[in-house]
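Residue numbers (UniProt numbering): 1 to 154.
Data first, discussion second: the structure below is written as structure tokens.
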């Protein structure tokens with residue numbers, strides 16, 4: 001176990017699948033207490049159950065919220081504070097990818113991607129800022145993945 005992480009509280013946005021879910025597994029394996037959020041209630045419940053099953057002694061907290069909704073993120077932060085008392089790590093991971101040829105990508109898709117990449121970070125940082133400022137090891141990590149190759153079937 002990592003003494004810097006063991007017993008610390010980590011928050012992961014977009015934790016119900018992919019990179020976020022695997023990050024939660026790594027954190028739990030190092031002894032962290034974890035809180036995560038996601039938009040899809042079924043995937044959120046499934047991820048929570050899988051994590052609790054794999055780490056039965058781990059402290060896992062999940063909350064349904066959309067990181068683009070400032071009020072929902074603030075409610076998530078308040079719930080995490082009530083549950084754990086503080087936060088040491090914030091991992092902004094929520095995101096999605098729009099796959100299409102450049103010429104076929106509508107303006108609305110570009111705007112949604114930009115909004116998600118920007119406010120998917122700003123809203124959680126604002127909501128968790130005071131909790132992080134109280135930690136002696138506070139850290140914020142922003143994850144952004146890029147779909148390198150995608151073949152569109154013809």
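Where a beta carbon is used, it is the ideal one built from N, C-alpha and C, also for glycine.
- When Cβ pairs closer than 8 Å are counted between the two stretches, the segment 85 to 99 is seen to touch the segment 134 to 142, the count reaching three or more.
- For residue 36, the enclosing beta strand (DSSP E) has its first and last residue at 33 to 38.
- Membership of residue 8 in any beta strand (DSSP E) is not indicated, and neither H nor E is assigned to it by DSSP.
- A check of alpha carbon separations from residue 33 across 79, 45, 18 and 10 identifies 10 as the nearest.
- Residue pairing by DSSP places residue 105 opposite no residue, since no beta bridge is assigned to it.
- Here residue 87 is not near residue 61, since their CB atoms are 8 Å or more apart.
- If you ignore the 5 residues before and after residue 43, its C-beta comes within less than 8 Å of the C-beta of 16 and 17, all in its own chain and listed in chain order.
- Between residue 125 and the set 5, 13, 31 and 45, the nearest pair of CA atoms involves 13.
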